[in-house]
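Below is one structure; the comments refer to it alone.
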Amino acid sequence: MIAERPLLFRTGAAFAALVLLVVALGVGAAVGETAIPLDIVAKTVANRLWQAGHAIEPIDEGIIWNYRLSRAVVAACCGSALALCGVILQSLLRNALADPYILGISAGASTGAVSVAILGIGAGALTLPAGAFLGALVAFGLVSALAVRAGRGTGAIILAGIAGSQLFNALTSFIVTKAASAEQARGIMFWLLGNLSGVRWPDVWLALPVAILGLLVCLWHARALDAFTFGTESAASLGIPVRRVYIVLIAISALMTATMVSIVGSIGFVGLVIPHAARMVVGVRHGLLLPASALIGAIFMIAADVLSRVIIPGQVLPIGVITALFGAPAFALILSQRRSAL
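Using the UniProt record's numbering, read the sequence shown as starting at 1 and increasing by one per residue.
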């Protein structure tokens with residue numbers, strides 16, 4: 001009986017999380033400049049997936065299926081992936097301020113994506129996500145080398161990440177200014193602030209598998225991440241293959257960051273703030289922290305996307321503006337409480 005309770009609890013928690021996510025996706029598809037009832041959203045999904053035959057206005061069905069629902073799914077994937085990256089980096093580096101944006105991974109991914117899109121690097125052999133992935137790896141490699149060179153512990157990588165982020169942001173701006181047309185420059189600069197306006201179902205089929213793969217890989221290494229909390233030496237003494245786990249988790253973080261950046265642009269603060277919020281809810285054990293962070297990140301990004309569409313009537317704000325409005329005060333609070341991390 002005692003052994004059954006944790007299983008029942010986990011099953012109930014998983015079901016509740018699924019319900020929350022479905023409700024959030026429904027709200028994301030229903031709320032906008034033109035409000036659509038949730039039952040119409042449900043009927044549209046039923047018609048599209050199971051040919052239910054519900055009578056719905058074609059314009060409502062088109063708005064829900066072709067515009068809002070795909071956008072909400074990608075927002076959820078982006079939020080969950082960035083939150084997972086934040087958990088991984090904060091655990092591996094043992095620094096509360098680590099996240100893909102601060103460490104320059106997002107900036108490197110942006111530079112890689114822009115290099116492929118504008119300069120044509122790869123001569124057609126590199127896709128936008130592949131260019132972003134390579135840029136993310138290069139950025140993290142450079143930041144890591146600089147931090148090792150500085151030799152001041154894990155806090156040095158934050159300072160190195162800030163420098164690397166500024167470097168790659170400058171490179172991106174230089175490429176856009178030098179090589180892009182006026183129309184390209186406008187579109188890319190809006191994209192770099194975080195833009196879900198052009199997201200459609202093909203983007204879902206890229207973002208969703210990467211987010212699911214990232215969650216599964218992270219859950220597989222949950223015990224290792226628990227061990228990394230006490231340092232690499234402690235992890236090694238517990239039988240954790242430190243080097244292999246480090247490489248795998250950094251690679252999956254770069255993959256998730258690069259994929260999401262290639263679709264929606266560079267979005268800050270999600271990977272920094274969401275893991276701390278999840279720790280306040282479920283604690284520090286990664287078996288619970290990882291799925292909780294993924295869920296909270298997904299719901300947060302859907303909510304941010306809804307706000308970006310309705311906060312100013314008739315205008316869509318970049319989603320990065322919304323995440324920064326909420327994330328910057330939270331970052332300041334974390335920074336004031338964790339001065340010793342630097």
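C-beta: ideal position from N, C-alpha, C; glycine also. These numbers were taken from a predicted model, which means no experiment stands behind them.
> Between Gln90 and Ala81, is the Cβ-Cβ spacing less than 8 Å?
Replying inline: Residue numbering aside, residue 90 sits at position 90 when the sequence shown is read from its first letter. Residue numbering aside, residue 81 sits at position 81 when the sequence shown is read from its first letter. Contact: no.
>> Given this structure, state the Cα-to-Cα distance separating Ala179 from Ile64, to the nearest angstrom.
In response: Within the sequence shown, residue 179 is the residue found at index 179, counting from 1. Within the sequence shown, residue 64 is the residue found at index 64, counting from 1. Straight-line Cα distance between these residues: approximately 37 Å.
> Do Gly32 and Val310 have their C-beta atoms closer together than 8 Å?
Replying inline: Numbered from its first residue, the sequence shown carries residue 32 at position 32. Numbered from its first residue, the sequence shown carries residue 310 at position 310. With contacts defined as CB atoms closer than 8 Å, Gly32 and Val310 qualify as a contacting pair.
> Which class does Gln315 belong to by DSSP, given the choice of helix, strand or coil?
Replying inline: Here residue 315 refers to the residue found at position 315 of the sequence shown. Residue state, collapsed to three classes: strand.
>> According to DSSP, simplified to helix, strand and coil, what is Ile121?
In response: The residue you call residue 121 lines up with position 121 of the sequence shown. Coil.
> Who are the near neighbours of Val176 in its chain, counting only those whose CB is closer than 8 Å to its CB and skipping five residues on each side?
Replying inline: Translated into the one-based positions of the sequence shown, residue 176 becomes position 176. Excluding residues within five positions, the ones whose Cβ falls inside 8 Å are Val114, Ile118, Gln184, Ala185, Ile188, Met189.
>> Between the alpha carbons of Gly161 and Ala83, how many angstroms are there, rounded?
In response: Taking the first residue of the sequence shown as position 1, residue 161 is located at position 161. Taking the first residue of the sequence shown as position 1, residue 83 is located at position 83. Gly161 and Ala83: Cα-Cα distance of roughly 18 Å.
>> Please classify Ser237 as buried or exposed, where buried requires at least 16 neighbouring CB atoms within 10 angstroms.
In response: If you number the sequence shown from 1, residue 237 lands on position 237. Flag for Ser237 reads exposed.
> Is there contact between the stretch 290-307 and the stretch 317-333, where contact requires at least three CB pairs shorter than 8 Å?
Replying inline: yes
> Among Ala328, Ile267, Val245, which residue has its Cα nearest to the Cα of Ala109?
Replying inline: For this step, residue 109 is matched to residue 109 along the sequence shown. Comparing Cα positions, the closest option is Ile267.
> Along the chain, which unbroken stretches of the beta strand (DSSP E) at least 3 residues long are found entirely within the stretch 7-69?
Replying inline: none
> For Phe140 versus Ile296, is the C-beta spacing smaller than 8 Å?
Replying inline: Here residue 140 refers to the residue found at position 140 of the sequence shown. Here residue 296 refers to the residue found at position 296 of the sequence shown. Cβ distance not < 8 Å, so Phe140 and Ile296 don't count as in contact.
> Where does Ile263 sit, in a helix, a strand or coil, going by DSSP?
Replying inline: For this step, residue 263 is matched to residue 263 along the sequence shown. Note: Ile263 maps to helix in three-state DSSP.
> DSSP three-state call for Ser197: helix, strand or coil?
Replying inline: The residue labelled residue 197 in the question sits at position 197 within the sequence shown. Note: Ser197 maps to coil in three-state DSSP.
>> Let's test the definition: count the other Cβ atoms within 10 Å of the Cβ of Gly79 and tell me whether it reaches 16, buried, or not, exposed.
In response: Taking the first residue of the sequence shown as 1, we reach residue 79 at position 79. Per the 10 Å Cβ criterion, buried.
>> Applying the 10 Å Cβ sphere with the 16-neighbour rule, what's the burial state of Asn195?
In response: Within the sequence shown, the letter at position 195 stands for residue 195. Buried is the label assigned to Asn195, since at least 16 other Cβ atoms lie within 10 Å of its Cβ.
>> To the nearest angstrom, how far is the alpha carbon of Asp203 from that of Gly26?
In response: Here the question's residue 203 lines up with position 203 in the sequence shown. Here the question's residue 26 lines up with position 26 in the sequence shown. Between the alpha carbons of Asp203 and Gly26 lies a gap of roughly 19 Å.
>> Using 8 Å as the threshold, is the C-beta distance between Leu215 and Ala294 below it?
In response: Working through the sequence shown from its first residue, we reach residue 215 at position 215. Working through the sequence shown from its first residue, we reach residue 294 at position 294. Yes. Within cutoff.
> Which residue spans inside the stretch 277-329 form an unbroken beta strand (DSSP E) run of at least 3?
Replying inline: none
> Helix, strand or coil: how does DSSP classify Phe269 here?
Replying inline: Sequence index remark: in the sequence shown, residue 269 carries index 269 (1-based). Phe269 falls in the coil class under three-state DSSP.
> Helix or strand or just coil, what does DSSP make of Ile158?
Replying inline: Position 158 of the sequence shown holds residue 158. Three-state DSSP puts Ile158 in a helix.
> Any idea if Glu61 is buried or exposed, counting beta-carbon neighbours within 10 angstroms, 16 or more meaning buried?
Replying inline: Counting from 1 along the sequence shown, the entry for residue 61 is found at position 61. In this structure Glu61 is buried. Its beta-carbon is surrounded by 16 or more other beta-carbon atoms within 10 angstroms.
>> DSSP three-state label for Asn169, please.
In response: Against the sequence shown, residue 169 aligns to sequence position 169. Three-state DSSP puts Asn169 in a helix.
> So Gly104 packs on Ser165, CB below 8 Å; how close in whole Å?
Replying inline: The residue labelled residue 104 in the question sits at position 104 within the sequence shown. The residue labelled residue 165 in the question sits at position 165 within the sequence shown. Yes, Gly104 and Ser165 are in contact; Cβ-Cβ is about 4 Å, under 8 Å.
> Exposed or buried, Ser234, counting other C-beta atoms within 10 Å across all chains shown (16 or more means buried)?
Replying inline: One-based indexing of the sequence shown puts residue 234 at position 234. With fewer than 16 Cβ atoms within 10 Å of its Cβ, Ser234 is classed as exposed.
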